[in-house]
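Student: I'd like to ask some things about the structure below.
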């Protein structure tokens with residue numbers, strides 16, 4: 001009986017000691033999406049790119065190299081070196097200016113004029129890493145849509 005009690009106590013102590021190492025550090029692939037696209041009077045776009053950290057640890061975003069397609073038109077390259085630290089399971093935005101290709105400019109102008117949504121695709125890489133680790137490139141391909149914002153002319157979200 002004493003042996004059984006001692007064995008049970010030992011198992012419980014070992015189980016509790018195994019949990020004392022702290023939370024699990026999970027590093028997941030980050031993501032990006034367009035939070036807002038604004039068309040300026042000069043035809044240039046201001047893109048608010050949302051960077052999403054799905055990891056359980058803070059991540060540092062060092063590089064953005066994405067190709068943007070709107071509708072079926074290549075719009076251009078979204079490139080930035082934000083050096084942005086984003087907390088666990090959080091997001092932040094980086095603003096990138098873009099001079100779009102003529103076909104994409106027409107596609108966005110049409111969506112704004114007709115008050116309709118516009119499909120887009122982001123494809124490329126995000127350079128990110130846990131704050132205490134070297135950054136690595138994560139491949140990204142994301143499809144979504146933007147819609148005109150009521151009361152904000154020239155803006156899609």
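In the numbering used here, the protein residues as written are 1 to 157.
The beta carbon of each residue, even a glycine, is placed where N, CA and C say it ideally should be.
The model shown is predicted, which means the values in this text are computed figures rather than measured ones.
1) Going along the chain, which residues of its own chain have a beta-carbon closer than 7 Å to the beta-carbon of residue 25, five neighbours each way excluded?
2) Let's test the definition: count the other Cβ atoms within 10 Å of the Cβ of residue 115 and tell me whether it reaches 16, buried, or not, exposed.
3) Keeping to the same chain, check which residues put their C-beta closer than 6 Å to that of residue 121; ignore five residues upstream and five downstream.
4) Taking buried to mean at least 16 other C-beta atoms within 10 Å of its own C-beta, is residue 60 buried or exposed?
5) When you compare only the Cα positions, how much space is there between residue 34 and residue 128?
6) Which same chain residues end up closer than 6 Å to residue 36 when comparing Cβ atoms and leaving out the 5 residues on each side of it in sequence?
7) Looking at the structure shown, is residue 151 part of a helix, part of a strand, or coil, going by DSSP?
8) So, for residue 28: in the same chain, excluding its five sequence neighbours on each side, which residues have a beta-carbon less than 6 Å away from its beta-carbon?
9) In this structure, how does DSSP classify residue 105 when only helix, strand and coil are distinguished?
10) Out of 99, 51, 76, state which residue places its alpha-carbon closest to the alpha-carbon of residue 86.
11) Given this structure, state the Cα-to-Cα distance separating residue 100 from residue 45, to the nearest angstrom.
12) Comparing C-alpha positions only, which one of 108, 152, 151 sits nearest to residue 145?
Tutor: Straight from the coordinates:
1) Numbered from its first residue, the chain shown carries residue 25 at position 25. Counting only Cβ-Cβ distances below 7 Å, and skipping sequence neighbours, we find 56, 57.
2) As a position in the chain shown, residue 115 is number 115, starting the count at 1. Exposed, because fewer than 16 other Cβ atoms sit within 10 Å of the Cβ of residue 115.
3) Sequence index remark: in the chain shown, residue 121 carries index 121 (1-based). Result list for residue 121: 69, 143, in chain order.
4) Along the chain shown, one-based indexing puts residue 60 at 60. If you draw a 10 Å sphere on the C-beta of residue 60, you find 16 or more other C-beta atoms in it, and that means buried.
5) One-based indexing of the chain shown puts residue 34 at position 34. One-based indexing of the chain shown puts residue 128 at position 128. Between the C-alpha atoms of residue 34 and residue 128 there is a straight-line separation of about 18 Å.
6) Counted from its first residue, the chain shown places residue 36 at position 36. Closer than 6 Å at the Cβ level, and outside the excluded window around residue 36, lie 48, 157.
7) On the chain shown, residue 151 is found 151 positions in, with the first residue counted as 1. Of the three classes helix, strand and coil, the one that applies to residue 151 here is coil, per DSSP.
8) Against the chain shown, residue 28 aligns to sequence position 28. 54, 55, listed in sequence order.
9) Counting from one through the chain shown, the residue named residue 105 turns up at place 105. Correct three-state label for residue 105: helix.
10) Counting from 1 along the chain shown, the entry for residue 86 is found at position 86. Nearest option by C-alpha distance: 51.
11) In the chain shown, counting from the first residue as 1, residue 100 sits at position 100. In the chain shown, counting from the first residue as 1, residue 45 sits at position 45. Cα to Cα, the separation comes out at about 7 Å.
12) As a first step, residue 145 must be located in the chain shown, where it is residue number 145. Checking every option, the nearest Cα to that of residue 145 belongs to 108.
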